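Numbering (the numbering used here), first residue to last: 2 to 122.
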């Protein structure tokens with residue numbers, strides 16, 4: 002079992018649990034948070050290997066989470082995978098904020114796991 006910690010920020014419990022299960026089945030340790038605010042709180046204490054974030058969340062959006070990570074010298078080099086069920090402007094904003102990769106939230110998370118593995122190799 003890998004000791005790589007992957008931080009997930011996703012406000013929908015079913016989706017969060019599904020993503021967590023898929024990533025854990027690939028051998029990674031998952032820290033799951035309900036939104037960007039909880040993720041930022043975690044980041045004050047720990048530094049994960051990769052961050053996976055939904056873009057549309059209450060309190061602190063994924064866009065704002067990415068911006069804050071990129072502004073922090075201790076965190077700015079962490080790969081950030083942005084997930085969205087939508088396209089267009091939201092994805093452009095994620096790129097502009099500094100997302101390393103963007104994946105569609107389609108229910109097939111193999112591409113996400115592949116990207117995580119690529120970042121960690």
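Don't be surprised by glycine CBs; every beta carbon is placed ideally from N, CA and C.
Computed from a predicted model, the values in this text were never measured in an experiment.
**Item:** C-alpha distance - residue 54 paired with residue 83, whole-angstrom precision
**Value:** On the chain shown, residue 54 is found 53 positions in, with the first residue counted as 1. On the chain shown, residue 83 is found 82 positions in, with the first residue counted as 1. In a straight line, the C-alpha of residue 54 is about 5 Å away from that of residue 83.
**Message:** Within 8 Å, do at least three Cβ pairs link the region 35 to 43 to the region 54 to 67?
**Reply:** yes
**Prompt:** To which residues does DSSP link residue 84 through a beta bridge?
**Reply:** Here residue 84 corresponds to residue number 83 of the chain shown, with the count starting at 1. Paired residue(s): 55 and 104.
**Residue of 102, 32, 107 and 70 minimising C-alpha distance to residue 120** = Indexing the chain shown from 1 puts residue 120 at position 119. When each option's Cα is compared against that of residue 120, the closest is 102.
**Prompt:** Which residues share a DSSP beta bridge with residue 48?
**Reply:** Within the chain shown, the letter at position 47 stands for residue 48. Beta-bridge pairing links residue 48 to no other residue.
**Message:** Mapping the DSSP letters down to three states, classify residue 66 as helix, strand or coil.
**Reply:** Reading the chain shown from its first residue, position 65 is the one you call residue 66. Three-state DSSP puts residue 66 in a helix.
**Asked** Are the beta-carbon atoms belonging to residue 9 and residue 30 less than 8 Å from one another?
**Response** The residue you call residue 9 lines up with position 8 of the chain shown. The residue you call residue 30 lines up with position 29 of the chain shown. No, the Cβ-Cβ distance between residue 9 and residue 30 is not below 8 Å.
**Request:** State buried or exposed for residue 111, treating a residue as buried only when at least 16 other CB atoms are found within 10 Å of its CB.
**Result:** One-based indexing of the chain shown puts residue 111 at position 110. Exposed is the call here.
**Prompt:** Can you tell which of 106, 28 and 48 has the C-alpha that lies nearest to the C-alpha of residue 76?
**Reply:** Counting from 1 along the chain shown, the entry for residue 76 is found at position 75. Answer by Cα proximity: 48.
**Message:** I'd like to know whether the C-beta atoms of residue 7 and residue 117 end up nearer to each other than 8 Å.
**Reply:** Residue 7 sits at position 6 when you count from the first residue of the chain shown. Residue 117 sits at position 116 when you count from the first residue of the chain shown. In this structure, residue 117 lies closer than 8 Å to residue 7 by Cβ.
**Request:** Please go through the same chain and pick out, in chain order, the residues whose beta-carbon is closer than 7 Å to the beta-carbon of residue 50, but skip the five residues on each side of it.
**Result:** Sequence index remark: in the chain shown, residue 50 carries index 49 (1-based). Cβ within range, chain order: 5, 6, 7 and 121.
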